[in-house]
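> I have a structure I would like to understand better, so I am pasting it below and will then ask my questions one at a time.
Number of protein chains: 2
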Amino acid sequence: MSKVFVIGAGMSTFGPFPDSIVHELCHQATWEAITSSGVDARKLQVCYAGHAYQGPCFGQKTLVKSGLTGMPVFNVENACASGASAVMGVYIMIKTGLYDLGIALGGEKLTGADGGFLPIVMDDLDSTNGRVMPAAFAMIAKRHMEKYGTTTEQLAKVAVKNKKYACLNTRIAEKYHKPVTLEEVLQAPMIADPLTRLSCCPVSDGAAAVILASEKVARQYTSKPVEIVASVLNSGLRTKYGLIEYRSEMSARAAKEAYEMSGIGPEDINVCELHDPFTIAEIVHYEDLGFCEPGEGGLYIDEGKSEINGKGVAVSPSGGLLGRGHPLGATGVAQIAEIFWQLRGEAGAHQVVNAKVGLAHVVGGGVTSIESGACGVHILKV
Amino acid sequence: MSKVFVIGAGMSTFGPFPDSIVHELCHQATWEAITSSGVDARKLQVCYAGHAYQGPCFGQKTLVKSGLTGMPVFNVENACASGASAVMGVYIMIKTGLYDLGIALGGEKLTGADGGFLPIVMDDLDSTNGRVMPAAFAMIAKRHMEKYGTTTEQLAKVAVKNKKYACLNTRIAEKYHKPVTLEEVLQAPMIADPLTRLSCCPVSDGAAAVILASEKVARQYTSKPVEIVASVLNSGLRTKYGLIEYRSEMSARAAKEAYEMSGIGPEDINVCELHDPFTIAEIVHYEDLGFCEPGEGGLYIDEGKSEINGKGVAVSPSGGLLGRGHPLGATGVAQIAEIFWQLRGEAGAHQVVNAKVGLAHVVGGGVTSIESGACGVHILKV
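From first to last, the protein sequence lines stand for chains A and B. Following this note's numbering, the numbering of the first sequence begins with 6 at its first residue and continues without gaps. Following this note's numbering, the numbering of the second sequence begins with 6 at its first residue and continues without gaps.
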């Protein structure tokens, strides 16, 4: 088995671009990843392309815009975890020695004629009866508040933090460079009690790409490769017992596997991009990922531990999903790109000082108790 | 690197089932594959699920119906080659030693409210202006006829052959157990000259699944494992120079790679399931796969070489896409299942006597000259 390294990353600007073409956004990300890594594009051997709603042969349509055809392309979907699945797909191809160079890309265009709403799957009785994502997360929030005394102020602080960092991130559209106050989050229009509009991620389009390389070739391209020391994808239920338990069983299990695989523990993580489509999600995932004990997520944000210069893990320094939006297939790849830049000290104004170990976490599907979803966790280090 | 074996296969009946639920069809296929292989379902370690239009987290929704959750699931799409991509995904996981047991499944429901038509992608200028699949293949046919003197009778003979075999296949709905004569094919309503309605595959729903195992564990489950000796996925253009050249560049390249990988040549193949959504496709692919020289595809069918008891390669003994329909994600997996049964002598009334080596070939996307598609070729042997 080979070690696997990230040697280049690229991103389109994330934001609402209703007139854009998704393959063009992907091309921007792909080309930045290729040129910044110094790889001869013709040497790429395999591609995994993550997306959820962008139609057939998504990866091929993107790569052909970058002048790339011929390699095996796996178009992979796992709802919000599609991008992480793409990264893991390429990781495995290289880890196992089959290839030396591959590209993982992810993209999604959500704005457009339908106003950015996700399509409702008609055979999903929960969604068609109103238990869409904001409602599901609102119930998780209510449960967490009841069980642990978590407050709406604590929830709101997540939005304040992440939107503050988004303003520092030049890869996010100017439109989303808007800091918000605690009062503004609390007083925004209610979407699903206790989640207000500013507690939910905005609608964005975007794409991201990373170039992965084997141990054999990585140092031909860079003196600062970033190693992927754990890559885990699993499936299961988002919530352990449907409505009754709030924890993300998939997330806790994936994190445990990733820690075991890497020999790295939550106490070693300096920077984390996690799945924060709603404020409550970040608090719950502090706990799932082991940054704090169950029930202490509210305290973690209260004490500023997840701030860039906090005493815990710097969480969502990019702005996270709350800051940059959540173009589904792009998110998981963008997280890896962000961690890559952070660990190389190239993150810009939102750099976490001296970050050496980073974790990316994303969860897709599996809202209801009868359906299954996917969770991806990656740990990277320099 | 481990050898990789197919140790079990399953299929739902293929046919028009507008009232069916695709995950239920997949469950039937999955459960047959599991029970016939004797594998403890809980020992499956990874799943690749192929489909094109069935919505998010397709594989998870299917597996949960079979009581299976927790394993990594990659939902993979490559248009008509989605199923082959799923098989290759699991193949790689096992070949490289990462896992010992995995399941590749594919499914698609095409009938329903929209009458079974494939969605037209609005950014695809060719399709929106009328160059849909039948039109594209009609142009390939016209070109082949002009260049090589291929006749409409030769084209029609492909439909006669494949629909004859479909009548012997108990895994196809009774509705499609209808032999046709040369005259009926030629005189059927014209869809896109020279392709009549009986020259096109019918609309079907269906699902298929195969269990793949490493060398280490395969013989624990069966004394008749079928080895996958080549698995190739590539991308590119379906036609070499858009409209000008009729050959499938992707197919010829994938076949060449598969022959090199396995040390097996076209002269060694006993049985083949190839991509025959239209009669002309089978003729062109005889040539692409090296069963005959370029331009001799018409002669190949004329001389009965592709019949079950012919002097060449028995092609589409299952009935092929023309016989059973083409539920996109299911097709590539169903081909592997069919070759598995053929090589074990378990194909029933359409058994190819003494078949030892089989090839499965499928092509997806890439109709137009500017877009890219995918081609999968697998070679199996006992």
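In this text, a Cβ means the ideal position worked out from N, Cα and C, and glycines have one as well. These numbers come from a predicted model, not from an experiment.
Is it the case that the Cβ atoms of A:Ala335 and A:Asp293 are separated by a distance below 8 Å?
No.
> In the DSSP assignment, find the unbroken alpha helix (DSSP H) run with B:Leu304 in it and report its ends.
That run of the alpha helix (DSSP H) goes Gly302 to Asp307.
> In the DSSP output, what is B:Cys85 paired with across the bridge?
Answer by DSSP bridge pairing, in chain order: B:Asn83.
> Less than 8 Å between CB atoms is the rule here; does B:Asn80 satisfy it with respect to chain A?
Chain A contact via Cβ: present.
> Is A:Phe296 near A:Val318, with beta carbons less than 8 Å apart?
Result yes, Cβ atoms of A:Phe296 and A:Val318 sit closer than 8 Å.
> Mapping DSSP to helix, strand and coil, what is A:Lys245?
Residue confidence is low: A:Lys245 scores 48 on pLDDT, short of 50, so the model does not pin down where it sits. Its coordinate-derived value is still stated next. Coil.
> Who pairs with B:Tyr53 in a beta bridge, going by DSSP?
B:Tyr53 is bridged to B:Phe79 and B:Ala109.
> Terminal residues of the continuous beta strand (DSSP E) containing A:Val387?
Here A:Val387 belongs to no beta strand (DSSP E), and DSSP marks it neither H nor E.
> Whole angstroms is fine: what's the gap from A:Ile177's alpha carbon to A:Gly20's?
A:Ile177 and A:Gly20: Cα-Cα distance of roughly 6 Å.
> Would you say A:Leu248 lies against chain B (beta-carbon separation less than 8 Å)?
Model confidence at A:Leu248 stands at a pLDDT of 48, short of 50, so the residue's coordinates are unreliable; what they give is reported in the following sentence. So, not an interface residue.
> Starting from A:Ala342, follow the beta strand (DSSP E) in both directions and report where the run begins and ends.
It is not in any beta strand (DSSP E) - A:Ala342 instead sits in the alpha helix (DSSP H) that spans Leu333 to Leu348.
> Buried or exposed for A:Gly369, going by 16 or more other Cβ atoms inside 10 Å?
The residue is buried, with at least 16 neighbouring Cβ atoms inside 10 Å.
> Below 8 Å, can you find three or more Cβ-Cβ pairs linking the segment 216-231 of chain B to the segment 9-23 of chain B?
Yes: the two stretches touch, three or more of their Cβ pairs being nearer than 8 Å.
> If distances are taken between C-alpha atoms only, which option among B:Met16, B:Ile97 and B:Leu187 comes closest to B:Val338?
Selected option, being the one with the closest Cα: B:Met16.
> Count the other CB atoms within 10 Å of the CB of B:Arg202; is the residue buried (16 or more) or exposed (fewer)?
When all chains shown are included, B:Arg202 counts as exposed.
> List the DSSP bridge partners of B:Gly363.
Paired residue(s): B:Val276 and B:Leu385.
> Kindly identify the DSSP beta-bridge partner or partners of B:Ala34.
According to DSSP, B:Ala34 bridges with nothing at all.
> Consider the Cβ of B:Pro4: report whether some Cβ of chain A lies at a distance smaller than 8 Å.
There is simply no residue 4 of chain B to check, as chain B begins at 6 and stops at 387 in what is shown.
> Is A:Gly102 near the ligand NAD, with its Cβ less than 7 Å from a heavy atom?
Inclusion of the ligand NAD in the displayed structure is not the case, the ligand content being empty and no account of it being possible.
> Within this structure, are the beta carbons of B:Ala109 and B:Gly94 separated by less than 8 Å?
Yes. Within cutoff.
> Assuming the contact rule is C-beta atoms closer than 8 Å, B:His383 and B:Val92 should be a hit. Round their C-beta distance to whole Å, please.
Right, their Cβ atoms sit about 6 Å apart.
> Please tell me whether B:Ser240 has its Cβ less than 8 Å away from any Cβ of chain A.
Closer than 8 Å to some Cβ of chain A, the Cβ of B:Ser240 qualifies, so yes.
> Report all residues from its chain with a CB closer than 6 Å to the CB of B:Leu173; omit the five preceding and five following residues, and keep chain order.
Same-chain partners within the cutoff: Ala354 and His355.
> Whether or not the segment 22-36 of chain B and the segment 66-75 of chain B are in contact is what I'm after, with contact meaning three or more pairs of Cβ atoms, one per stretch, closer than 8 Å; do they touch?
The segment 66-75 of chain B vs the segment 22-36 of chain B: in contact.
> Counting only C-beta atoms, is B:Val69 closer than 8 Å to chain A at any point?
Closer than 8 Å: yes.
> Give me whichever residues DSSP pairs with B:Phe63 in a beta bridge.
B:Phe63 pairs with nothing; no bridge assigned.
> Name the two residues that bound the continuous alpha helix (DSSP H) containing B:Ala161.
Taken as a continuous stretch (DSSP letters only), the alpha helix (DSSP H) holding B:Ala161 covers Thr157 to Ala171.
> Applying a beta-carbon distance threshold of less than 9 Å, which residues of chain B neighbour A:Met98?
Per Cβ cutoff of 9 Å: Ile97 and Thr101.
> Report the neighbours of A:Thr74 on chain B: residues whose CB is nearer than 8 Å to its CB, in chain order.
Going along chain B in sequence order, the residues near A:Thr74 (Cβ under 8 Å) are Ser240, Gly241, Leu242 and Ser377.
> By alpha-carbon positions, which one of B:Glu287, B:Pro199 and B:Lys229 ends up nearest to B:Gly350?
Among B:Glu287, B:Pro199 and B:Lys229, the Cα nearest to that of B:Gly350 is on B:Lys229.
> Does the Cβ-Cβ distance between A:Val289 and A:Ser267 come in under 8 Å?
In this structure, A:Ser267 does not lie closer than 8 Å to A:Val289 by Cβ.
> Should A:Lys386 go down as buried or exposed, given a rule of 16 or more other Cβ atoms within 10 Å for buried?
By the 10 Å Cβ count, A:Lys386 comes out buried.
> To the nearest angstrom, how far is the alpha carbon of A:Leu49 from that of B:Asn239?
About 13 Å.
> Does any residue of chain A bring its CB to less than 8 Å from the CB of B:Lys221?
B:Lys221 does not count as touching chain A.
> Can you grab the Cα-Cα spacing for the pair A:Pro23 / A:Ala146, in whole Å?
The alpha-carbon atoms of A:Pro23 and A:Ala146 are separated by roughly 32 Å.
> Between A:Ala141, A:Ala57 and A:Met150, which lies nearest to A:Gly111 when the distance is taken from Cα to Cα?
Selected option, being the one with the closest Cα: A:Ala57.
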